[in-house]
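Engineer: A single structure is presented below for examination.
In our numbering, the protein residues as written are 2 to 510.
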């Protein structure tokens, strides 16, 4: 194993948090330090000797700081191969010092984009010197130690202290991998900023935050989650989330996002589909009525509210075995009640913008599409029948349509008085989905007289409206667009039903 002793270091960082202990330790080890700009001043203020890069290169920082370290005397000191006699001879010939350690981070490009900064400010945060130094040092890990992130400072400092400035080939290679992780992620972020309109048909996804899950969809499968979970949620209590928990949480958040800032709304999901859903004057009553939609499927489900969960609601929830409870907030008393089950996961949902695209593996590649951000509204409704839906039916139709959009296709959703009566989910036939929904609603004693029906796609035949009519359903919402739409319209007109078209299909596979 090849061991190297750090005798010289180049340090140039944007974020100086945690840097002082490293500089002081390097000073104790008599390491020669090169630096520039603000980092140079920072090191001098610590009372540590530092050589300005400008003195090494005999060239000043130019173009407003855009060019500082891009010089053969810097990169030659990093990229030379110590086991190559020709490289070593050239260092001597051109008076280039060997650089054993590079500590560099990058301008905060992603944070600058997220801040809403101007295009020019964003462009100025595209790092050139830093990324070049990182790549050079990581490439030559055989001779150079590269520290590319403030997140690695503590680990590097421990190595520095425990090994007295020496490093193994294994250590340097591991940090080189971290460096290329940083550089590749950085380039991906820049490309995606420039390609926001998807003019270039290329998929670049990079997530540096990741965790190993207990297992995947099934215990014999490995599973991982890549993303910043803590940016979306504050976890108050419970076990680690599983692969299936995360899928259900994703479905729950996307569904409840349709009802943001509306009256108190509660949803219960199982296998990514809503099995209970209600909107009421209080969150307590919304939960009670959501549970009534399917108390059997609710067992082991994922619960989500669009407003604070209070003690009364928590008391009701505590009687149900559920995996996860999500809300924008919980009262203190509610938290203590829900903590009564040690494994129950409690999550506070933060204000977070959801991704504008969806990605899934397909064959030997991936499918990418824009998120279905279209939500049906009253303005989208085109009454296709002689009879128009009443104002209360319109409210229920929009309510049902939102749930339908987030239910696996083929699907039919039945609702009444802002309550999910039942849904038929993931069926190969729309007729089967409707029959499933009717059977389920009736099994939980729902009176479908006056209920409404939502469909994620058009009806190719009038059989669905006929079945719905015989079950007592009075109003229908669907995209329309079938060459045989008139058959369904005629049936509705003949049986005093109202039907509206939205013009938008909401398949979900």
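From the three backbone atoms N, C-alpha and C, an ideal C-beta is built for every residue, glycine too.
How far does the alpha helix (DSSP H) with residue 186 in it extend, from its first residue to its last?
Structural biologist: Here the question's residue 186 lines up with position 185 in the chain shown. Element bounds for residue 186: 170 to 195.
Engineer: Work out the CA separation of residue 396 and residue 279 for me, nearest whole Å.
Structural biologist: Walking along the chain shown from the start, residue 279 turns up at place 278. Walking along the chain shown from the start, residue 396 turns up at place 395. Between residue 279 and residue 396, the C-alpha separation is close to 13 Å.
Engineer: Tell me the DSSP secondary structure of residue 114 in three-state form.
Structural biologist: Position 113 of the chain shown, counted from the start, is the residue given in the question as residue 114. Note: residue 114 maps to helix in three-state DSSP.
Engineer: Please determine if the stretch 316 to 325 and the stretch 215 to 228 are in contact, where contact requires at least 3 C-beta pairs separated by less than 8 Å.
Structural biologist: no
Engineer: Between which two residues does the alpha helix (DSSP H) holding residue 12 run?
Structural biologist: Reading the chain shown from its first residue, position 11 is the one you call residue 12. Element bounds for residue 12: not the alpha helix (DSSP H) but the beta strand (DSSP E), 9 to 13.
Engineer: Could you check whether residue 116 and residue 146 sit closer than 7 Å to each other, using their CB atoms as the reference points?
Structural biologist: Numbered from its first residue, the chain shown carries residue 146 at position 145. Numbered from its first residue, the chain shown carries residue 116 at position 115. Not a contact, by the Cβ cut-off of 7 Å.
Engineer: In chain order, what residues of the same chain have a beta carbon less than 7 Å from the beta carbon of residue 92, not counting five sequence neighbours either side?
Structural biologist: Position 91 of the chain shown holds residue 92. Counting only residues of its own chain and dropping the five nearest sequence neighbours on each side, residue 92 has a CB closer than 7 Å to the CB of 77, 81, 99.
Engineer: Hey, quick one: how far does the beta strand (DSSP E) through residue 279 stretch, first residue to last?
Structural biologist: By 1-based counting over the chain shown, the position of residue 279 is 278. Segment 274 to 280, the beta strand (DSSP E) holding residue 279.
Engineer: Which residue wins for smallest C-alpha separation from residue 36, given the options 29, 45, 6?
Structural biologist: Stepping through the chain shown from its first residue, residue 36 is reached at position 35. For the residues 29, 45, 6, the minimum Cα distance to residue 36 belongs to 45.
Engineer: Can you tell me the Cβ-Cβ gap for residue 273 and residue 248, rounded? I've got them flagged as a contact below 8 Å.
Structural biologist: Here residue 273 corresponds to residue number 272 of the chain shown, with the count starting at 1. Here residue 248 corresponds to residue number 247 of the chain shown, with the count starting at 1. Yes, they are in contact, since the Cβ atoms of residue 273 and residue 248 sit about 6 Å apart, within 8 Å.
Engineer: Using a Cβ-Cβ cutoff of less than 6 Å, which residues in the same chain neighbour residue 157 once the five nearest sequence positions on both sides are dropped?
Structural biologist: Taking the chain shown and counting its residues from 1, the one referred to as residue 157 is at position 156. 148, listed in sequence order.
Engineer: Using a threshold of 7 Å, state whether the C-beta atoms of residue 456 and residue 428 are closer than that.
Structural biologist: The residue labelled residue 456 in the question sits at position 455 within the chain shown. The residue labelled residue 428 in the question sits at position 427 within the chain shown. Not in contact: residue 456 and residue 428 (Cβ atoms no closer than 7 Å).
Engineer: Pull up the distance between the alpha-carbon of residue 414 and that of residue 188, whole angstroms please.
Structural biologist: Counting from one through the chain shown, the residue named residue 414 turns up at place 413. Counting from one through the chain shown, the residue named residue 188 turns up at place 187. Looking at the two C-alpha atoms, the distance is approximately 44 Å.
Engineer: Keeping to the same chain, check which residues put their C-beta closer than 8 Å to that of residue 185; ignore five residues upstream and five downstream.
Structural biologist: Walking along the chain shown from the start, residue 185 turns up at place 184. Cβ within range, chain order: 207.
Engineer: Please list the segments of the alpha helix (DSSP H) lying wholly inside the stretch 15 to 97, counting only runs of 4 or more residues, in order along the chain.
Structural biologist: 20 to 29, 38 to 46, 54 to 58, 73 to 80, 86 to 94
Engineer: I need the straight-line Cα distance from residue 439 to residue 424, nearest angstrom please.
Structural biologist: Reading the chain shown from its first residue, position 438 is the one you call residue 439. Reading the chain shown from its first residue, position 423 is the one you call residue 424. Between residue 439 and residue 424, the C-alpha separation is close to 8 Å.
Engineer: Out of 405, 441, 301, 244, which has the shortest C-alpha to C-alpha gap to residue 508?
Structural biologist: Counting from one through the chain shown, the residue named residue 508 turns up at place 507. Among 405, 441, 301, 244, the Cα nearest to that of residue 508 is on 405.
Engineer: Using C-beta distances below 6 Å, list every residue in its chain close to residue 7, excluding the 5 sequence neighbours before and after it, in chain order.
Structural biologist: For the purposes of this step, residue 7 is taken as the residue at position 6 of the chain shown. The answer, listed in chain order, is 32, 101, 102, 166.
Engineer: Look up residue 292 in the DSSP assignment and say whether it is helix, strand or coil.
Structural biologist: Here residue 292 corresponds to residue number 291 of the chain shown, with the count starting at 1. Helix at residue 292.
Engineer: Quick check: residue 16 and residue 106, are their CB atoms within less than 7 Å of each other?
Structural biologist: As a working mapping, residue 16 is identified with position 15 in the chain shown. As a working mapping, residue 106 is identified with position 105 in the chain shown. The answer is yes: Cβ separation under 7 Å.
Engineer: Just tell me which of 53, 205, 85 has its CA closest to the CA of residue 368.
Structural biologist: As a working note, residue 368 is residue 367 in the chain shown. Nearest option by C-alpha distance: 205.
Engineer: Just to confirm, is the Cβ distance from residue 57 to residue 42 under 7 Å?
Structural biologist: Residue numbering aside, residue 57 sits at position 56 when the chain shown is read from its first letter. Residue numbering aside, residue 42 sits at position 41 when the chain shown is read from its first letter. Taking 7 Å as the Cβ cut-off, residue 57 and residue 42 do not qualify as a contacting pair.
Engineer: If residue 276 and residue 251 are in contact, beta carbons under 8 Å, what's the gap, nearest whole angstrom?
Structural biologist: Taking the first residue of the chain shown as 1, we reach residue 276 at position 275. Taking the first residue of the chain shown as 1, we reach residue 251 at position 250. With 8 Å as the limit, residue 276 and residue 251 do not qualify as a contact, their Cβ atoms being about 16 Å apart.
Engineer: Give me the DSSP bridge partner(s) of residue 388.
Structural biologist: Counting from one through the chain shown, the residue named residue 388 turns up at place 387. Residue 388 is bridged to 499.
Engineer: Given a threshold of 16 other Cβ atoms within 10 Å of its Cβ, counted over all protein chains shown, does residue 359 qualify as buried or as exposed?
Structural biologist: On the chain shown, residue 359 is found 358 positions in, with the first residue counted as 1. Answer is exposed; the Cβ neighbour count stays below 16.
Engineer: Report yes if the C-beta distance between residue 298 and residue 271 is below 7 Å; otherwise report no.
Structural biologist: For this step, residue 298 is matched to residue 297 along the chain shown. For this step, residue 271 is matched to residue 270 along the chain shown. For residue 298 and residue 271, yes; Cβs fall inside 7 Å.
Engineer: Throw me the rounded Cβ distance for the residue 412 and residue 434 pair, which I believe falls under 8 Å.
Structural biologist: Residue mapping note: residue 412 aligns to position 411 of the chain shown, counting from 1. Residue mapping note: residue 434 aligns to position 433 of the chain shown, counting from 1. The Cβ separation is near 6 Å, so the contact holds.
Engineer: As a quick exercise: from 255, 308, 302, 239, pick the residue whose alpha carbon is nearest that of residue 265.
Structural biologist: Stepping through the chain shown from its first residue, residue 265 is reached at position 264. Closest by alpha carbon: 308.
Engineer: When you compare the CB positions of residue 40 and residue 63, do they come within less than 7 Å of one another, or not?
Structural biologist: Here the question's residue 40 lines up with position 39 in the chain shown. Here the question's residue 63 lines up with position 62 in the chain shown. No. Outside cutoff.
Engineer: For the alpha helix (DSSP H) containing residue 130, name the first residue and the last one.
Structural biologist: Counting from one through the chain shown, the residue named residue 130 turns up at place 129. If you look at residue 130, you'll find it in the alpha helix (DSSP H) that goes 130 to 140.
Engineer: Which term fits residue 362, buried or exposed, when burial requires 16 or more other beta carbons within 10 angstroms of its beta carbon?
Structural biologist: In the chain shown, residue 362 corresponds to position 361, counting from 1. Of the other Cβ atoms in all chains shown, fewer than 16 fall within 10 Å of the Cβ of residue 362; this residue is therefore exposed.
Engineer: From residue 475 to residue 502, what distance separates their C-alpha atoms?
Structural biologist: Looking up residue 475 in the chain shown gives position 474. Looking up residue 502 in the chain shown gives position 501. Using only the alpha carbons, I get a separation of about 15 Å.
Engineer: Do you know offhand how far residue 486's Cα is from residue 472's?
Structural biologist: The count along the chain shown starts at 1 and reaches residue 486 at position 485. The count along the chain shown starts at 1 and reaches residue 472 at position 471. If I take the Cα positions, the gap works out to 21 Å.
Engineer: Does DSSP put residue 5 in a helix, in a strand, or in coil?
Structural biologist: Against the chain shown, residue 5 aligns to sequence position 4. Residue state, collapsed to three classes: strand.
Engineer: Whose C-alpha, out of 313, 389, 324, is nearest the C-alpha of residue 331?
Structural biologist: Against the chain shown, residue 331 aligns to sequence position 330. Residue 331 has its Cα closest to that of 313, out of 313, 389, 324.
Engineer: Just to confirm the assignment, what range does the beta strand (DSSP E) spanning residue 511 have?
Structural biologist: Residue 511 lies beyond the stretch modelled for the chain, which goes from 2 to 510, so this question has no answer here.
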